[in-house]
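Residue numbers (this note's numbering), protein chains in the order written: chain A, 1 to 208; chain B, 1001 to 1208.
Think of the CB as a built atom: it goes at the ideal place given N, C-alpha and C, for glycine as much as any other residue.
Since this is a predicted model, take the numbers as computed values, not measurements.
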DNA sequence: TTGCCTCTCACTCAATTGAGTGATTGACTT
DNA sequence: AAGTCAATCACTCAATTGAGTGAGAGGCAA
């Protein structure tokens, strides 16, 4: 029995060549391909795919939400992210949304096929870089979702204690500007625009 | 059997006249009077007072710590704070340290005598203003130790969400300056010097 | 009525902060 | 050898912030 596959990918060329590639293999059955995932829930319910290949960046609903839609509509469907992003934040959001695999678009076709087999077999195909990031996120005791560096975590901890940039610099024996530099990087990673927001997020999400 | 009393009060004049006043009543026995409470623990253990009158502002150990020392050394001794402060923060610290009563120095002598009788009878003499504050601190659901006004709590909640003064003003439909005014008052009450510290304290102590 | 408190608003000033940009060093990978 | 990344430092600029001070309106209580 062939593996039923659906593709969500807004790049027409890529989507079509992927579909062609899969159709050319007897063990796969293309159940549909779409350039957006606005109706992902319905599609999943109607066509009952075994595997969904999901891009992240699409007009309308993002692929991240697409994962959620598919998994809510049909949990037994395996969703593999297939994207150019190795962005830490997006990666984690996809995993939280229930993605079963995460392959970068640089993945050669035969590896993609292997990934599909792997996910069907109950595995979680991941590009090496991704796998590394995922493991790293666990080996730290905390939930370092935002991939802060050790130094940044130190700085964040001091920030939470209410320290000013100047105090942080003194405490860590680094320059005022370096401390501010770390702070700026932290804000970027946490997706916030001020120390206050950073503290709120850090304490709220148990980052430290 | 007379009530054994010890006084800790750094103002010599006040301390001596208090001692004189108490000694003149047959039902009281002055077991000692001190201008500091550095040896409060030892004194309590040795002289086994029934009641301690404790000032707050003293050189060396503060009266707040004095309460702790006495109560740890001899829990059955009743400690009555006798002070000019109706400061919210100090009040709460004293209560947390185990004070059994809190009388303002404006209390007339006969009320002081009543307070001593009351604390011996297992009561908790408090000047009216103090009693009010204590009750108020409980009627709010949270642990509003710092006696923030309702408006200030609103502002603090927004601050914790990472809002800037400008955003808080917009949200509450008040002026930028008013928002900043509230923030300044909050910082004073929380004993902090910045929004970041305030957030840390508020989240850490479950104020909101 | 007087006094106290809350909430409101305003103005100033110095300091801190967020942002943008860029550069250097050393460690580790490829 | 080239590339990546963490960590360091520097400089600018506009905006925000903390502080200090003052003041008016309304509510509530002694």
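Heavy atom of the ligand ADP less than 7 Å from the Cβ of residue i, yes or no?
i, result
"residue 1017 of chain B", "As far as ligands go, the structure on display features none, and thus does not contain the ligand ADP."
So which residues on chain B does residue i lean against when the C-beta distance must stay under 9 Å?
i, result
"residue 205 of chain A", "The contacting residues do not exist; residue 205 of chain A stays about 12 Å from chain B at best."
So is residue i in contact with chain B if we call contact Cβ pairs under 8 Å?
i, result
"residue 197 of chain A", "yes"
"residue 142 of chain A", "For residue 142 of chain A, the predicted structure reports a pLDDT of 48, less than 50, and the residue's modelled location is therefore unreliable. A value from the coordinates is still provided. Closer than 8 Å: no."
"residue 181 of chain A", "no"
"residue 137 of chain A", "Only weak support is given to the placement of residue 137 of chain A: the predicted model assigns it a pLDDT of 48, under 50, and the value that follows is read from those uncertain coordinates. By this cut-off, residue 137 of chain A is not an interface position."
"residue 146 of chain A", "no"
Starting from residue i, find everything on chain B with Cβ-Cβ shorter than 7 Å and list it in chain order.
i, result
"residue 160 of chain A", "1200"
How far does the alpha helix (DSSP H) with residue i in it reach, from first residue to last?
i, result
"residue 1181 of chain B", "1176-1190"
"residue 1148 of chain B", "Element bounds for residue 1148 of chain B: n/a, residue is neither H nor E."
"residue 107 of chain A", "It is not in any alpha helix (DSSP H) - residue 107 of chain A carries neither H nor E in the DSSP assignment."
"residue 15 of chain A", "12-23"
"residue 126 of chain A", "Segment: none, residue 126 of chain A is in no alpha helix (DSSP H) and carries neither H nor E."
"residue 1167 of chain B", "1165-1172"
"residue 199 of chain A", "195-204"
"residue 1100 of chain B", "Looking at the DSSP string, residue 1100 of chain B is not in any alpha helix (DSSP H), and its letter there is neither H nor E."
"residue 66 of chain A", "63-73"
Could you list which residues in chain A have their beta carbon closer than 9 Å to that of residue i, in chain order?
i, result
"residue 1192 of chain B", "162"
Using beta carbons (cut-off 8 Å, strictly below), is residue i in contact with chain A?
i, result
"residue 1001 of chain B", "no"
So is residue i buried or exposed if we call it buried at 16+ other beta carbons inside 10 Å?
i, result
"residue 45 of chain A", "exposed"
"residue 1027 of chain B", "exposed"
"residue 100 of chain A", "buried"
"residue 75 of chain A", "exposed"
"residue 1182 of chain B", "buried"
"residue 1109 of chain B", "exposed"
"residue 84 of chain A", "exposed"
"residue 978 of chain B", "Since the first and last residues shown for chain B are 1001 and 1208, residue 978 of chain B lies out of range."
"residue 16 of chain A", "exposed"
"residue 96 of chain A", "exposed"
"residue 202 of chain A", "buried"
"residue 1 of chain A", "exposed"
"residue 20 of chain A", "exposed"
"residue 176 of chain A", "exposed"
"residue 1184 of chain B", "exposed"
"residue 199 of chain A", "buried"
"residue 125 of chain A", "buried"
"residue 188 of chain A", "exposed"
"residue 1013 of chain B", "exposed"
"residue 71 of chain A", "buried"
"residue 166 of chain A", "exposed"
Quick check on the DSSP output: the beta strand (DSSP E) that includes residue i runs from which residue to which?
i, result
"residue 1047 of chain B", "Premise fails: residue 1047 of chain B lies in the alpha helix (DSSP H), 1040-1047, not in any beta strand (DSSP E)."
"residue 1007 of chain B", "1003-1008"
"residue 32 of chain A", "28-34"
"residue 80 of chain A", "78-83"
"residue 54 of chain A", "51-54"
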